[in-house]
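Okay, structure first, notes after.
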Amino acid sequence: MANKFLHAIYDDDDKLLYAVKHLKKEGVYIEDVFTPFPVSWTGSKL
């Protein structure tokens, strides 16, 4: 099975959180999130 990668750009942490929740609900494994601004929820939501 081939690995697939998804790259996305968000300018708002609420939009990013919504996307993370939606992707996880669909069964997508999220290994890491990189942001240009600090977000306090990354460890708990991934």
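Using the working numbering, the letters of the sequence shown correspond one by one to residues 124 to 169. Just so it is clear, CB atoms sit at the ideal spot from N, CA and C, and this is done for glycine as well.
Quick check: Ala142 and Tyr133, are their CB atoms within less than 8 Å of each other?
Going by C-beta atoms, Ala142 is nearer than 8 Å to Tyr133.
Can you tell me whether Leu139 is buried or exposed? The criterion is at least 16 other CB atoms within 10 Å of its CB, across all chains shown.
So Leu139 counts as buried.
Unbroken alpha helix (DSSP H) run spanning Asp137, endpoints:
Residue range Asp136 to Lys148 is occupied by the alpha helix (DSSP H) that includes Asp137.
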